[in-house]
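Residue numbers (the UniProt record's numbering): 1 to 190.
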């Protein structure tokens, strides 16, 4: 009988979990309702309010869509404990995974920008070699292509980003299977 009672708690805690996740996502009830409408559900701001306050239960499809929209796994939203500590731990792990994913994406973009800067520098130098001063009139000034584009390819943002991310990604070497950090600062400096 206690197990059935535990499952009944899900209905009571699901709405509060959705509210917490929605607020963390900086989404209003009206925005969430609009996104649900876009996915084919008959939702209004009042519908979201009723779900969050525990006055309306959700269908499985609605629960899946809500989970996707607030970017929290359904099992976290549906935690069966009234104590939200476990749900918060699961959310924290999910957020850590998501943050590392974003960091890896930004690091990849910075590396690509660094490569593009190098390509731009090489292309400008080549164009300088094959053109004369009059052929190089840029914005009415006779300057080299290298000098014209130097502010772009010499800008340190990509270089600094890739150098910073290399160390950060090493420190954040995460073992997703065991959900534990494989190494970090305590393992010594690189």
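Cβ coordinates follow ideal geometry from the N, Cα and C atoms, glycine included.
Measuring only the C-alpha atoms, how far is residue i from residue j?
| i | j | result |
| --- | --- | --- |
| residue 69 | residue 9 | 23 angstroms |
| residue 121 | residue 146 | 7 angstroms |
| residue 131 | residue 151 | 21 angstroms |
| residue 44 | residue 60 | 18 angstroms |
| residue 91 | residue 112 | 31 angstroms |
| residue 93 | residue 114 | 31 angstroms |
| residue 155 | residue 108 | 18 angstroms |
| residue 95 | residue 16 | 18 angstroms |
| residue 20 | residue 27 | 10 angstroms |
| residue 88 | residue 101 | 20 angstroms |
| residue 31 | residue 39 | 13 angstroms |
| residue 22 | residue 36 | 13 angstroms |
| residue 104 | residue 73 | 21 angstroms |
| residue 143 | residue 160 | 28 angstroms |
| residue 56 | residue 29 | 15 angstroms |
| residue 119 | residue 50 | 56 angstroms |
| residue 54 | residue 163 | 49 angstroms |
When the distance is taken between beta carbons, is residue j closer than 8 angstroms to residue i?
| i | j | result |
| --- | --- | --- |
| residue 252 | residue 52 | Nothing can be reported for residue 252: it is not among the residues displayed for the chain, which extend from 1 to 190. |
| residue 66 | residue 76 | no |
| residue 47 | residue 33 | yes |
| residue 78 | residue 153 | no |
| residue 149 | residue 110 | no |
| residue 98 | residue 158 | no |
Leaving out five residues before and five after residue i in sequence, what residues of the same chain have Cβ atoms less than 6 angstroms from its Cβ?
| i | result |
| --- | --- |
| residue 127 | 145 |
| residue 42 | none |
| residue 11 | 57 |
Within the same chain, show all residues whose beta-carbon is closer than 7 angstroms to that of residue i, passing over the 5 residues directly before and after it, in chain order.
| i | result |
| --- | --- |
| residue 25 | 70 and 71 |
Next item on the list: Would you mind listing the beta strand (DSSP E) stretches within the stretch 94 to 121 that are 3+ residues and don't spill past its ends, in chain order?
Entry: Restricting attention to beta strand (DSSP E) runs no shorter than 3 residues, the stretch 94 to 121 encloses none.
Notebook entry, point to check: Which parts of the UniProt domain "HTH cro/C1-type" (18 to 77) are runs of the alpha helix (DSSP H), unbroken and 4 residues or longer, counting only runs that do not cross its ends?
Noted result: Taken in chain order, the complete alpha helix (DSSP H) segments of 4 residues or longer contained in the UniProt domain "HTH cro/C1-type" (18 to 77) are 29 to 38, 45 to 52, 60 to 70 and 74 to 77.
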